[in-house]
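Residue numbers (my numbering): 67 to 175. Glycine included, each C-beta is placed from N, C-alpha and C at the ideal position.
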């Protein structure tokens, strides 16, 4: 048996490392926007993304901060498409956590 990984396994490993990096980047306001975008794109293809997000330090707070930050742009209605996309990505990640069987109960509590 060869000790080398198959190309598919290697790609999955690289993608998983990227996911971990993006989760870490959520805690930094300077890197959060790109991390939100990339994680939102991956939420359907990374089956354990919700537990990864839920159990990572500060991630839920970072996602909530994104939502709170756009409130001043809602009334009066000055929300830009850019702000809307950013908060939608945060909401999509929260929805991912809320709908996953492993994290649903804890999220709702």
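task = Look at residue 106 and residue 159 and say whether their C-beta atoms are less than 8 Å apart.
result = In this structure, residue 159 lies closer than 8 Å to residue 106 by Cβ.
Whether residue 155 touches residue 103 by CB criterion (8 Å) = In contact: residue 155 and residue 103 (Cβ atoms closer than 8 Å).
message = Do residue 172 and residue 88 count as a contact pair if the criterion is CB distance below 8 Å?
response = Between residue 88 and residue 172, the C-beta gap is not smaller than 8 Å, which leaves the two residues out of contact.
For residue 125, the three-state DSSP class (helix, strand or coil) = Collapsing the DSSP output to three states places residue 125 in a helix.
ask   = residue 135 to residue 100, Cα distance in whole Å?
value = C-alpha separation (whole angstroms): 17 Å.
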